[in-house]
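Quick notes on the structure that follows.
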Amino acid sequence: MRGAHRPLLLVVYILLNLAGAWTQTARRCIPSCPLNSECVENRCRCKSGFAPSGDGLTIDFSGSCDDINECLKHSVTVICGPFATCQNSVGSYHCVCNQGYKLVSGKKSFANRSENTCEGSVLFPASVDTGVTPAPSGIHTVAAVPENLPKQQAAVHPWTQPGDPGEKTSKDVNECTSGQNYCHQSTHCVNKLGTYACICRQGWKPVLGSPNGPTNTMCEDIDECSSGQHQCHSSTICDNTPGSYKCRCRPGWKPTSGSLNGPKNTKCQEPSFPTWTLLPTAQSQSLSRFSIEVRNLLKDFDLATANHTIQKVIEAMDKLLEDPTDIETLNPTDRHQVAIQLLKYMEQTLRTLAQFLPKGSFTYTSPSNTELSLMIKEQDNKDITTVYHSQAWVKLDWAVAAGAKSSENGHSLAGILSSPNMQKLLADASMHLNQSRDILEERFESPLLNVSLTLLSNINSIFLTNTDTRKLASNVTFNFSHPARSTKRPREDLICAFLDTGDDGNGHWSTDGCSMNGTICHCNHLSSFAILMAQYHVQDPRLELITKVGLSLSLICLLLCILTFLLVKPIQSSRTVVHLHLCICLFLGSVIFLVGIENEGGEVSLRCRLVAMMLHYFFLAAFCWMALEGIELYFLVVRVFQGQGLSTQWRCLFGYGVPFLIVAISAAAKMDGYGQQTYCWLNHKEGFLWSFVGPLAFIIFCNSAIFVVTVWKLTMKFSEINPNMKQLRKARVLTITAIAQLTVLGCTWVFGLFLFNPHSTWLSYIFTLLNCLQGLFLYLMLCLLNKKVREEYRKWACMVAGNKYSEFSSSTTGTGTSQSHTRALRPSESGI
């Protein structure tokens, strides 16, 4: 029974083996292995000469097998032996003898070191028996030149030593100098006896897997900066270069004295920011606070936060300009110097801080609408570049920004700083016409006196890396934003001007070197620019003639009035005292006006201020005496005041004390209000002229009211005293009286109050003519039309002529009583 089961067990065993074999076959590498690999024990393995792209010995179906460069993996001498070079091939490699060597078998290549039979060879013609004995060491021996060798060939043989019999030592071939080497460009060829070596140059190292010396040596640059193999000073930054490195200054730093930027011994010093030095004559707490704030910002400066520091510096400037209380109280010269100093300081500080910014554009708008725009580009850039923000744009050739001197970091800068608050310090800056004066005078056909300026745009400071911008290689084009003017008055121009510091440091506007096309400016230099509206004031020769002739005539008449009031006893009274002091004030004021009103130097000097103060005082005093005349006339005609009225002491106190008080307060409040560039008179700006116009207007208004009342009262009185007076004579008397009152009360000055527009030519002529002839009018009305004065003049004339006045006096005595009675019944024809 047991034997019957044996065949069955055998069948089962065979079936199990067949199933296992089938399973083994089914588990083979499916799908097929990648290129350059084979299936080994159900796994894909790279073939000999290839390596898997990933880690491990096997690869999956998506992997790859890469060629192994055996030449780089092992030393050439290990693989191929001496005098040979390894040459890689796909999946393998082979060796070839170096130039000057060949295999004994004559083959071109061999498999490995064991097959190396490279030996030196002498390149004789194949038909000649040279007798060369192979010497693998690279030093070869050679027999004497065979006798059957042609002479030409023997002459050019490079190894033999002519004249030496027997066996001679061969001469080494210098593969380095002859160019018969295979050294890579990253290596340096070094000749050796019978061979040569390829050594990495200084600052280079063999690439990974490559030896240093064999002919297949390949090298790569050593990064001394990242590896720490440099000797740069701590003040510099290591900059790796092929085969070496340079030590450059940190951004914004500069080489120390005697040091260059780049060599390995370079030493640098940290950036130096400009210092703020207050003017000795312009001490200000606001400026001191600004200086301290900016100094603290720059002291804690960090290279990584240069943009933040720039913003803080601009905000500090805004804080100073928004409330420049004590700066505005400075005299104009000091205030302009402070503005120029501030602009220069901001330019220098921003130029220094911009060195730490990356290349490209940088813009910032402060809460006070101060705008900064910077452009930083490579120094050797030759493009036409535009720098802009909302208030201005500048177009320039980038070579102009760089200038002739190279920057430390190889970058160049162009920037625009626009401040709307800078106008507070420069609003009254003057303008020097220089070259354009002759052109303007020819255009207006009159001498040019001065220019009134109105700032239309923000003041824009333009600065570059190039600090020598007095004369640029090519013009720079600007365009500034400003409000449009709907109307243009006569002798008014839109100009593009820059802030010229001048030799004395006092700022003034100038147009030299600039031209304008529409609202686009072209200049050959840089500074702080703005768009201005220039109002040119020209000298009217007719008005000048009227003024000089009229004032000269008035001075003669006023002098006659003064002598008359002092010497003619019959007319002396309280009103005569008022007339006398009125004429004295007008006389002194007219003399000072005629002699010192013009400011020829253009600068407001102390002399000009004193002249303006004296004119202010004497003309105010004249109007105060005109006011006293009105008061006297009011009480005399209207109130029929009895008695002498105010005493002479009180009149003098009012007539001279009130003007002195007004001038003293005005000078203490604003001394620079006295004097202009053209005339030594009160400055029209900031309302200072009201210190004269205010009292003048008040007195003219009061005296005009008194004039109307007195003329009306005189008309009524004429009708009461002599109702039968003819109308024609009455009109003549009233007219003469009215003219006299107008002259004495100063009502002719009312035309000056309505002279708002300086271009109202007819009003200017009327005002000038009436007031220049005021002395003549006073002499006519107060002296010549007075009978007592005329009688006194006749007496003086007779005394001068030698006639006796006694006869004339006796002839008039008899009629004295009747004449006195008649005078009591009728007023003087002059009405005075």
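Take the sequence shown: its letters are residues 11 to 842, numbered as in this note's numbering.
For each residue, glycine too, the CB sits at the ideal point set by N, CA and C.
- Residue environment analysis places Val-810 among the exposed positions, since fewer than 16 neighbouring C-beta atoms fall within 10 angstroms of its C-beta.
- Thr-95 and Thr-205 do not touch by the CB rule: their CB atoms are close to 11 angstroms apart, not below 8 angstroms.
- Under the criterion of beta carbons closer than 8 angstroms, Leu-435 and Ser-471 do not qualify as touching, at roughly 13 angstroms.
- With fewer than 16 other beta carbons inside 10 angstroms of its own, Ile-675 counts as exposed.
- When beta bridges are read from the DSSP output, Ser-428 appears opposite Glu-381, Asn-470.
- Cβ-Cβ distances below 8 angstroms link Cys-593 to Leu-568, Cys-571, Ile-572, Phe-575, Gly-785, Leu-788 in the same chain, with the five nearest sequence neighbours on each side left out; the list follows chain order.
- Of the other Cβ atoms in all chains shown, 16 or more fall within 10 Å of the Cβ of Val-486; this residue is therefore buried.
- Comparing alpha carbon positions, the residue from Glu-613, Gln-686, Pro-284, Lys-274 closest to Ala-622 is Gln-686.
- Ile-337 places its beta carbon less than 9 angstroms from that of Leu-297.
- Cβ neighbours of Ile-78 within its own chain (closer than 7 angstroms, five residues either side excluded): Gly-59, Phe-60, Ala-61.
- For Trp-286, no alpha helix (DSSP H) encloses it, and the DSSP letter there is neither H nor E.
- The beta-carbon distance between Ile-581 and Val-718, rounded to whole angstroms, is 26 angstroms. This is too long to meet the 8 angstroms contact definition.
- Contact between Thr-291 and Lys-277 does not hold, since their C-beta atoms are separated by about 41 angstroms, which reaches or exceeds 8 angstroms.
- Contact annotation: Asp-682 and Pro-430 have beta-carbon atoms that are not nearer than 9 angstroms.
- The three-state reading of DSSP puts Cys-193 in coil, since its state is none of H, G, I, E or B.
- Sequence-distant partners of Val-601 (beyond 5 residues in either direction) whose C-beta falls short of 8 angstroms from its own C-beta, in its chain, are Leu-565.
- Beyond the five residues adjoining it in sequence on each side, Ser-484 comes within less than 7 angstroms, by CB distance, of Asp-407, Val-410 in the same chain, given in chain order.
- Cys-229 has its alpha-carbon roughly 23 angstroms from the corresponding atom of Gln-241.
- Secondary structure at Gly-223: strand, using DSSP grouped into helix, strand and coil.
- Secondary structure of Phe-488 (DSSP, three-state): strand.
- Cβ-Cβ separation between Cys-210 and Val-200: approximately 11 angstroms, too far for a contact (criterion under 8 angstroms).
- Unbroken beta strand (DSSP E) runs of no fewer than 3 residues, entirely contained in the segment 362 to 414, are found at 370 to 375, 381 to 388, 394 to 399, 402 to 407, following chain order.
- Between Asp-328 and Met-356, the alpha-carbon positions lie close to 12 angstroms from each other.
- In this chain, the alpha helix (DSSP H) harbouring Thr-557 covers 551 to 577.
- Here Phe-664 really is in contact with Leu-638; their C-beta atoms are around 6 angstroms apart, less than 8 angstroms.
- Ala-540 is the residue among Asn-476, Leu-536, Arg-480, Ala-540 whose C-alpha sits nearest the C-alpha of Asn-489.
- Looking at the backbone, the Cα of Pro-284 and that of Cys-533 are separated by about 27 angstroms.
- The DSSP assignment places 584 to 606 as complete runs of the alpha helix (DSSP H) inside the segment 573 to 640, in order along the chain (cut-off: 4 residues).
- In the structure shown, the three-state DSSP call for Val-200 is strand.
- The C-beta distance from Phe-508 to Ser-538 rounds to 6 angstroms, short enough to meet the 8 angstroms contact threshold.
- When C-alpha distances from Ser-294 are compared across Gly-268, Val-721, Ser-282, Leu-340, the shortest belongs to Leu-340.
- Between Asn-476 and Gly-413, the CB-CB gap stays under 9 angstroms.
- For Arg-305, the closest alpha carbon among the candidates Val-323, Cys-90, Leu-313, Gly-213 is that of Val-323.
- In this model, Ala-677 and His-318 are separated by some 46 angstroms (Cα to Cα).
- If the five residues before and after Cys-107 are omitted, its C-beta is found closer than 7 angstroms to the C-beta atoms of Phe-93, Ala-94, Leu-113, Cys-128, all from its own chain and listed in chain order.
- Assigned with DSSP and collapsed to three states, Trp-691 falls in coil, not helix or strand.
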